[in-house]
């Protein structure tokens, strides 16, 4: 995603090789709940970055413990893999422009799902994806757990560690009332949250997964007529990009909602997801399986494709970068994250 494609995609146009695979969808476990409130501030209780032990006989999250090896940055184009510092200016411009959104796949489902969206809850498995699920990671953002999340890309507000054209500054992130808010404070300062266990931060355990279902409930700023503001993204990637791939679950490109996969070969698969996804909370998830990823918006499968990353461990990222053509600073351009959950 504009993320770890990391922004491989900084000046690249999205090459959309539309590959559609048919995969099964799924359901729930546990007792039903009335659903999530429209405003995350109404959800007072919950955990903060809790990695939940698996029941006896069930696998827990892969990579949930800190690695024994010394911290190392992922191999990302435009960054020095040993230090996390940015490559020379000629390798990665300081002000990137998001690529155009890929064309909509005619198999992708449209509008924010007519009728009342199905929602996931702590007591249930992921909506729309049947199976005997076990919740292994639950972040309700009552506080920001520093053992799980790092609030910047390797170095706080460092111009040598930019992501999507901006420095990533912890000062641009607030956690209150059960949600994390990430904003652009100006044209050079954005925000990023990552569970990368190899970010060089002492005492940071982080979180990674290999297969399972990853979902977040997010508010993307903007309007139906004008599109989504800035260059935000919700994505996962591994330690050795591009070999370990990158899954951009939800990435608005040039104001249009898209989902994109960056493969080990350096190719991209993706689709614009039609409809209005701005100005409201929606759930965005990926069911990652052996060789296939299914993308879900509001509990409905909207895209499916073959993957080439061997299910390498991936960590989670949320960020907001700069779209020079549609910049909106401060709270009006912020993304709001109600929760992040992972089931296996």
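In the numbering used here, the protein residues as written are 606 to 949. Backbone N, C-alpha and C fix where the C-beta goes; we use that ideal spot for every residue, glycine too. If you're wondering where the values come from, they're calculated on a predicted model, not measured in any experiment.
Query raised in the report: Rounded to a whole number of angstroms, what is the C-alpha to C-alpha distance between residue 637 and residue 884?
Result: Confidence at residue 637 is low in this model, with a pLDDT of 33, below 50, so the placement of that residue should be treated as unreliable; the coordinate-derived value is given next. Taken atom to atom, the span from the alpha-carbon of residue 637 to that of residue 884 is near 28 Å.
**Report entry** Beta-ladder partner(s) of residue 892, from DSSP
**Finding:** 818 and 899
Query raised in the report: What is the DSSP secondary structure of residue 837, reduced to helix, strand or coil?
Result: strand
Requested in this report: Take residue 947 as the anchor and find which of 932, 920, 924 and 934 has the nearest alpha-carbon.
Outcome: 920
Requested in this report: Kindly confirm or deny that the stretch 737–755 and the stretch 927–935 touch, where touching means at least three C-beta pairs closer than 8 Å.
Outcome: Verdict: no, contact absent.
Report task. State the start and end residues of the unbroken beta strand (DSSP E) segment that holds residue 743. Result -> Start and end: 740–744.
Query raised in the report: Going by DSSP, what residues sit across from residue 798 in a beta bridge?
Result: 923
Query raised in the report: So, using beta-carbon positions, are residue 864 and residue 876 closer together than 8 Å?
Result: Result yes, Cβ atoms of residue 864 and residue 876 sit closer than 8 Å.
Requested in this report: Inspect the beta-carbon positions of residue 897 and residue 784 and report whether they are closer than 8 Å.
Outcome: no
Query - Paired residues, beta bridge with residue 605 - DSSP - result: Residue 605 is absent from the structure shown; the chain starts at 606 and stops at 949.
Query raised in the report: In terms of DSSP beta bridges, what is residue 812 paired with?
Result: Residue 812 is not bridged to any residue.
**Report entry** Integer-rounded CB distance, given that residue 820 should sit under 8 Å from residue 871
**Finding:** Rounded, the Cβ-Cβ distance is 27 Å, inconsistent with contact.
Query - Pick from 949, 939 and 654 that is closest to residue 835, judged by C-alpha positions - result: 939
Query raised in the report: Cα separation between residue 764 and residue 831?
Result: About 30 Å.
Query - Sub-8 Å separation of residue 874 and residue 910 beta-carbons - result: yes
Requested in this report: Determine the extent of the beta strand (DSSP E) in which residue 784 is found, giving its start and end residues.
Outcome: 784–787
Query raised in the report: Assuming residue 736 contacts residue 906 under a Cβ cut-off of 8 Å, what Cβ separation, rounded to an integer in Å, is found between them?
Result: The beta-carbon separation of residue 736 and residue 906, rounded to 14 Å, does not stay under the 8 Å limit for a contact.
Query - Local Cβ density within 10 Å of residue 827, reported as buried at 16 or more and exposed below that - result: buried
Query raised in the report: Three-state secondary structure (DSSP) at residue 938?
Result: helix
Query raised in the report: Given that a residue counts as buried once 16 or more other Cβ atoms are within 10 Å of its Cβ, and exposed if not, what is residue 838?
Result: Flag for residue 838 reads buried.
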